[in-house]
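Quick note on the working numbering: the sequence shown kicks off at 1 and runs consecutively.
Since the structure comes first, as structure tokens, the remarks are kept for the end.
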Amino acid sequence: MKPTRILLFVGAALGCSILLSCEQRSGTVETVASPAPTVSASVVPAQTTTPAQTPSGQTTTSGPLKVVADLAPTEGNNVRGTVTFSEVADGVRVQASITGLAPGKHGFHVHEKGDCSAPDASSAGDHFNPTGQPHGAPDSSARHEGDMGNIEADASGTANLNYVDHTLSLVPGDRSIVGHAVIVHANPDDLTSQPSGNAGARLACGVIKRTGGQP
Ligand SMILES: [Cu+2]
Ligand SMILES: [Zn+2]
């Protein structure tokens with residue numbers, strides 16, 4: 001911390017001790033500066049333990065949470081790509097760009113385990129389903145949390161996806177998709193067959209991670 005900032009902090013503290021409404025005011029400032037306190041608390045604890053930054057308006061919280069899965073091909077395939085999940089007002093925006101596919105639809109899910117180590121990605125387990133629902137479509141009221149439906153590849157084998165999912169969660173806790181894995185399948189997800197839409201082999205797998213290298 002720079003000396004000038006320490007002086008500012010000391011000054012602010014002195015000012016606070018004089019003002020009867022200080023406690024109330026600093027509480028208000030903190031609320032405004034951290035719209036998602038539960039998220040910032042676990043992601044960047046250092047920032048929440050530096051109260052001097054909030055009165056002087058110096059917070060550098062990175063805004064809505066954004067996480068990424070880099071998909072790598074399973075054995076015998078050449079499918080790869082990137083999937084980004086970011087918090088938006090009404091859910092989680094899913095943006096995917098994947099190459100090396102056969103043209104057409106391919107099942108696209110978040111799977112339970114963040115483990116892509118098996119040659120066929122079977123290590124990623126079943127669909128991520130923390131609320132005990134049946135398999136369904138992305139817009140079904142009852143679905144696995146991980147049911148993102150299908151991506152569709154064009155004639156060149158590239159699939160691009162951009163939609164807002166209303167079930168996926170990035171909020172830290174049992175329902176967060178962080179630490180789980182994204183899988184792209186060989187066949188279309190029929191959106192009804194149990195337990196996984198009959199989407200066939202796993203072509204690519206990637207663990208969902210926070211940007212910036214945090215686990
Ligand atoms: Cu899957
Ligand atoms: Zn499912």
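Glycine is no exception: its CB is placed at the ideal position from the N, C-alpha and C atoms.
Checklist entry - Excluding five sequence neighbours on each side, which residues of the same chain lie with their C-beta closer than 8 Å to the C-beta of Q24? => result With a pLDDT of 41 at Q24, under the threshold of 50, the modelled position of that residue is not reliable, and no figure is offered here.
Checklist entry - Helix, strand or coil: how does DSSP classify A153 here? => result strand
Checklist entry - So which of D90, K66 and L101 has the shortest CA-CA distance to A186? => result L101
Next on the checklist: Which residues end up in the neighbourhood of ligand 2 when you take C-beta atoms closer than 5 Å to any of its heavy atoms?
Outcome noted: Checking every Cβ against the heavy atoms of ligand 2 under 5 Å gives H127, H135, H144 and D147.
Item to check | the segment 108-128 in contact with the segment 198-214 per 3-pair CB rule at 8 Å | outcome: Contact between the segment 108-128 and the segment 198-214 is present, because at least three Cβ pairs lie under 8 Å.
Next on the checklist: Output needed for P51: all residues of its chain with C-beta closer than 6 Å, excluding positions within five of it in sequence on either side, in chain order.
Outcome noted: Because P51 sits at a pLDDT of 39, beneath the cut-off of 50, its placement in the model cannot be relied upon, and the following sentence gives the value as read from the coordinates. There are no such residues.
Checklist entry - Helix or strand or just coil, what does DSSP make of A118? => result In the structure shown, A118 sits in coil (DSSP, three-state: anything other than H, G, I, E or B).
Checklist entry - Does ligand 1 have a heavy atom nearer than 7 Å to the CB of H180? => result Not one heavy atom of ligand 1 is found less than 7 Å from the C-beta of H180.
Checklist entry - Hey, which residues come within less than 5 Å of ligand 1, measuring from Cβ to any heavy atom, in chain order? => result H109 and I183
Checklist entry - Between G197, H144 and R80, which lies nearest to S169 when the distance is taken from Cα to Cα? => result H144
Checklist entry - Would you call P188 buried or exposed, if buried means 16 or more other Cβ atoms sit within 10 Å of its Cβ? => result buried
Item to check | Alpha carbon of M148 to alpha carbon of N160, nearest angstrom | outcome: Counting only the Cα atoms, N160 lies some 13 Å from M148.
Checklist entry - DSSP three-state call for A181: helix, strand or coil? => result Correct three-state label for A181: strand.
Item to check | Bridge partners - N169, DSSP secondary structure assignment | outcome: It should be noted that the sequence gives Ser, not Asn, for residue 169. Bridge partners of S169: S176.
Item to check | Residues sharing a beta bridge with E87, DSSP | outcome: For E87, which the question treats as bridged, DSSP gives the partners V92.
Checklist entry - H109: which of V184, T74 and C116 sits nearest, CA to CA? => result V184
Item to check | Same chain only: Cβ atoms within 6 Å of G136, ignoring 5 sequence neighbours per side | outcome: A142, R143 and D147
Next on the checklist: Is it buried or exposed, V83, if we count other Cβ atoms within 10 angstroms and call 16 or more buried?
Outcome noted: Of the other Cβ atoms in all chains shown, 16 or more fall within 10 Å of the Cβ of V83; this residue is therefore buried.
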